[in-house]
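Asker: Each residue of the sequence shown is one higher than the one before, counting from 23 in this note's numbering.
Glycine included, C-beta positions come from ideal geometry on N, C-alpha and C.
Owing to the predicted nature of the structure, the values given are computational and were not obtained by experimental measurement.
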Amino acid sequence: MNAIPDKRALQLPLDRFDMSDPAHYQDQTYFAYFDRLRREAPVHWCADSRFGPYWSITRYKDIMAAEVNHQVFSSELGGIQVLDQPKEMQRPSFIRMDPPKHDEQRKVVQPIVAPGNLANMEPLIRQRTQAVLDGLPRNEEFDWVERVSIELTTLMLATLFDFPVEERRKLTWWSDVAIADITDPEAPVHSEEARFAELKVMAETMGRLFEARKAQAPGFDLLSMLAHGAATREMPLREFMGNLALLIVGGNDTTRNSMSGGLWALHQNPAEWAKLRADPGLIPNMVSEVIRWVTPVIHMRRTASRDFEFGGRTIREGDKVCMWYVSGNRDPEAIERPDEFIIDRPRARQHLSFGFGVHRCVGNRLAELQLRILWEEVLARFDRIEVLGEPKRIYSNFIHGIRSLPVRIPG
């Protein structure tokens, strides 16, 4: 969606801006608010929200500065979302840790996305993508999210965990549970207790596989890596839950929502569709532009470990600090013509969607690979894909998710 001025954003006093409201992202009304924050209050204090008071960092360069300063902006003190996990249900994971423990656990799973392994996985990813696309109906409406985006990402997740393929939709369910806003009527769970119970089922199911892998020689899947890693093989239950949820959500949401959001972006920008068809060599660059444009992770939260002067404001020890990737990725000081979808944009990979610094997304190259293969195979098969209606978006301030997108492929 291109930025559309919102009169409320221009008229509302800055001290009443609350960018943690999930309705901004479900309804796509956030653009003008962040435009104004970047101009007038790039480091902004929201004194009152459903999630308590918090700071917003909205400019690209400031987000980068906060990302690399993990000594002050801690992931461990309060987690990575503006929403606090209830103390008795907290689920630590390496993304919710600071170095050195973060580094020790991250190193355990990093080999699965090493360049050599990605090259080994490419034929399987392509084969599955071809099968999914060849199985799509012609001349009838279907949901691109359900038939393509979810199916491809869930098949990939099952491979990464060496999880039974016939039970793969459990992985989708657990991912949806982990990121759900419990106040959303369409959420899979409606209380933190229900979320914890479902994620405990996840841990018990995965735990049986984990124990079996521990008894076997080390394998090249995530559960085996965790089972044999010195920093992860003896994780307490809640830490095991946290790391499983992290890896499942991380392996699901960026790719899934970029697969859906990319098709919507091309539909909205037919000249870019034509440019892509004329030159399929633009696909890798287009993938990066899609990931910037969609920004699948809306924000990451940090907690101040001490009082700190930042952007002319004094952030106090213990304050929540939200880095709004959806704003940084539309910052005209860092990205030329940021409100335009340009598939041959120079330096397209210089976006914030994967984060930056020690917490940069461990699976970013795998996400790019899956998306590149999808669009190569789409162009090889279909002259066009008709989008029949607006995407239905999830109610979340964390994941920029698309629940459904109706399409038709002419026969």
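In angstroms, rounded to a whole number, what distance separates the CA positions of Arg-324 and Met-111?
Answerer: Translated into positions along the sequence shown, residue 324 becomes position 302. Translated into positions along the sequence shown, residue 111 becomes position 89. Taking the straight line joining both Cα atoms gives about 19 Å.
Asker: Runs of 4 residues minimum, wholly inside the stretch 93-125: which ones carry the alpha helix (DSSP H) assignment?
Answerer: Those alpha helix (DSSP H) runs which fall completely within the stretch 93-125 and span 4+ residues do not exist here.
Asker: Can you say whether Pro-64 is buried or exposed, counting buried as having 16 or more other CB atoms within 10 angstroms of its CB?
Answerer: Start at 1 with the first residue of the sequence shown, and residue 64 comes out as number 42. With 16 or more other Cβ atoms within 10 Å, it is buried.
Asker: Using C-beta distances below 6 Å, list every residue in its chain close to Trp-397, excluding the 5 sequence neighbours before and after it, in chain order.
Answerer: As a first step, residue 397 must be located in the sequence shown, where it is residue number 375. These residues qualify, in order along the chain: Ile-305.
Asker: State the Cα-Cα distance for the pair Ala-200 and Ala-31, rounded to the nearest angstrom.
Answerer: Looking up residue 200 in the sequence shown gives position 178. Looking up residue 31 in the sequence shown gives position 9. Taking the straight line from one Cα to the other gives about 31 Å.
Asker: Report yes or no: do the stretch 411-421 and the stretch 386-401 share at least 3 C-beta pairs separated by less than 8 Å?
Answerer: no
Asker: Report buried or exposed for Gly-100, applying the criterion of at least 16 other Cβ atoms within 10 angstroms of its Cβ.
Answerer: The residue given as residue 100 occupies position 78 in the sequence shown. Answer is buried; the Cβ neighbour count reaches 16.
Asker: Determine, using beta-carbon pairs with one atom in the stretch 356-367 and one in the stretch 316-332, whether at least three such pairs fall under 8 Å.
Answerer: Put simply, the stretch 356-367 does not touch the stretch 316-332. Fewer than three CB pairs are less than 8 Å apart.
Asker: Return helix, strand or coil for Tyr-417, following the three-state DSSP convention.
Answerer: Position 395 of the sequence shown, counted from the first residue, corresponds to residue 417. In this structure, Tyr-417 counts as coil in the three-state DSSP scheme.
Asker: Under 7 Å Cβ to Cβ from Arg-169, same chain only, skipping five residues before and after it: list those, please.
Answerer: To locate residue 169, count along the sequence shown from 1; it is residue 147. The residues are Leu-158.
Asker: With a threshold of 16 other CB atoms inside 10 Å of the CB of Val-343, please say whether the residue is buried or exposed.
Answerer: Reading the sequence shown from its first residue, position 321 is the one you call residue 343. So Val-343 ends up on the buried side.
Asker: In chain order, what residues of the same chain have a beta carbon less than 7 Å from the beta carbon of Phe-404, not counting five sequence neighbours either side?
Answerer: For the purposes of this step, residue 404 is taken as the residue at position 382 of the sequence shown. Contacts found: Ile-431.
Asker: For Thr-175, I'd like the list of residues in its chain whose CB is within less than 6 Å of its CB, leaving aside the five on either flank, ordered along the chain.
Answerer: Mapped onto the sequence shown, residue 175 falls at position 153. Answer for Thr-175: Asn-274, Thr-277 and Arg-278, listed in chain order.
Asker: Report the CB separation of Ser-246 from Gln-93 in whole angstroms; it is logged as a contact under 8 Å.
Answerer: Within the sequence shown, residue 246 is the residue found at index 224, counting from 1. Within the sequence shown, residue 93 is the residue found at index 71, counting from 1. Contact flag wrong, Cβ pair sits at about 34 Å.
Asker: Look up Glu-226 in the DSSP assignment and say whether it is helix, strand or coil.
Answerer: To locate residue 226, count along the sequence shown from 1; it is residue 204. It is helical.
Asker: Assess, as a yes-or-no matter, whether the stretch 126-137 is touched by the stretch 222-241 under the definition of 3 or more beta carbon pairs within less than 8 Å.
Answerer: no
Asker: If you compare alpha carbons, which of Ser-418, Ile-416, Arg-406 and Gly-423 is closest to Arg-160?
Answerer: Counted from its first residue, the sequence shown places residue 160 at position 138. Answer by Cα proximity: Arg-406.
Asker: Please report the straight-line C-alpha distance between Arg-113 and Gly-264, rounded to a whole angstrom.
Answerer: Translated into positions along the sequence shown, residue 113 becomes position 91. Translated into positions along the sequence shown, residue 264 becomes position 242. Distance between the alpha carbons of Arg-113 and Gly-264: 4 Å.
Asker: Using 8 Å as the Cβ pair cut-off and three pairs as the minimum, do the stretch 281-299 and the stretch 51-59 touch?
Answerer: no
Asker: Where does Gln-437 land, buried or exposed, given buried means 16+ other C-beta within 10 angstroms?
Answerer: It is not possible to answer for residue 437, since the shown part of the chain is limited to 23 through 433.
Asker: Thinking C-beta only, is Ala-180 closer than 8 Å to Arg-190?
Answerer: For the purposes of this step, residue 190 is taken as residue 168 along the sequence shown, with counting starting at 1. For the purposes of this step, residue 180 is taken as residue 158 along the sequence shown, with counting starting at 1. Arg-190 is a Cβ neighbour of Ala-180, given a cutoff of 8 Å.
Asker: DSSP beta-bridge partners for Asp-165?
Answerer: Looking up residue 165 in the sequence shown gives position 143. According to DSSP, Asp-165 bridges with Pro-428.
Asker: May I have the straight-line CA-CA distance separating Lys-109 from Ile-147, to the nearest angstrom?
Answerer: Residue mapping note: residue 109 aligns to position 87 of the sequence shown, counting from 1. Residue mapping note: residue 147 aligns to position 125 of the sequence shown, counting from 1. Rounded to whole angstroms, Lys-109 to Ile-147 spans 40 Å at the Cα level.
Asker: Considering only C-alpha positions, which residue in the set Asn-351, Val-384, Leu-388 and Glu-208 is nearest to Gln-372?
Answerer: Stepping through the sequence shown from its first residue, residue 372 is reached at position 350. Out of Asn-351, Val-384, Leu-388 and Glu-208, Asn-351 has the C-alpha closest to the C-alpha of Gln-372.
Asker: Just the C-alpha distance for Val-130 and Ser-115, rounded to the nearest angstrom, thanks.
Answerer: Indexing the sequence shown from 1 puts residue 130 at position 108. Indexing the sequence shown from 1 puts residue 115 at position 93. Distance between Val-130 and Ser-115, taken at the CA atoms: about 13 Å.
Asker: Just the C-alpha distance for Trp-195 and Ser-213, rounded to the nearest angstrom, thanks.
Answerer: Mapped onto the sequence shown, residue 195 falls at position 173. Mapped onto the sequence shown, residue 213 falls at position 191. The straight-line gap from Cα to Cα measures roughly 16 Å.
Asker: Reducing DSSP to helix, strand and coil, say where Ser-16 ends up.
Answerer: Missing from the structure shown is residue 16; the chain here goes from 23 to 433 and no further.
Asker: Grab the span of the alpha helix (DSSP H) containing His-381 for me, first residue to last.
Answerer: For the purposes of this step, residue 381 is taken as residue 359 along the sequence shown, with counting starting at 1. Counting along the chain, no alpha helix (DSSP H) covers His-381, and no H or E run does either.
Asker: Applying the 10 Å Cβ sphere with the 16-neighbour rule, what's the burial state of Val-90?
Answerer: Position 68 of the sequence shown, counted from the first residue, corresponds to residue 90. That one is exposed.
Asker: Could you check the C-alpha separation between Asp-49 and Phe-183 for me, to the nearest Å?
Answerer: In the sequence shown, counting from the first residue as 1, residue 49 sits at position 27. In the sequence shown, counting from the first residue as 1, residue 183 sits at position 161. Cα to Cα, Asp-49 sits roughly 35 Å from Phe-183.
Asker: Mind reading off the beta-carbon distance from Val-167 to Leu-388? Whole number of angstroms is fine, and I expect it under 8 Å.
Answerer: As a first step, residue 167 is located in the sequence shown; it is residue number 145 there, counting from the start. As a first step, residue 388 is located in the sequence shown; it is residue number 366 there, counting from the start. Actually they are not in contact, since the Cβ atoms of Val-167 and Leu-388 sit about 20 Å apart, beyond 8 Å.
Asker: Would you kindly check if the distance between the Cβ of Val-348 and the Cβ of His-422 is under 8 Å?
Answerer: For the purposes of this step, residue 422 is taken as the residue at position 400 of the sequence shown. For the purposes of this step, residue 348 is taken as the residue at position 326 of the sequence shown. Note that the C-beta distance between His-422 and Val-348 is below 8 Å.
Asker: Taking a contact to mean a Cβ-Cβ separation below 8 Å, would you say Ser-97 touches Ile-117 in this structure?
Answerer: By one-based count along the sequence shown, residue 97 stands at place 75. By one-based count along the sequence shown, residue 117 stands at place 95. A contact, by the Cβ cut-off of 8 Å.
Asker: Have a look at the DSSP bridge pairing and note the partners of Ala-326.
Answerer: In the sequence shown, counting from the first residue as 1, residue 326 sits at position 304. Partner(s): Phe-95.
Asker: Under the assumption that Pro-360 contacts Pro-368 (Cβ atoms under 8 Å), give the Cβ distance between them as a whole number of angstroms.
Answerer: Counted from its first residue, the sequence shown places residue 360 at position 338. Counted from its first residue, the sequence shown places residue 368 at position 346. 13 Å between Cβ atoms; not a contact.
Asker: Could you check which residue in Ile-424, Pro-121, Val-429 and Ile-416 has the C-alpha nearest to that of Pro-207?
Answerer: Indexing the sequence shown from 1 puts residue 207 at position 185. The shortest C-alpha separation from Pro-207 is found at Ile-416.
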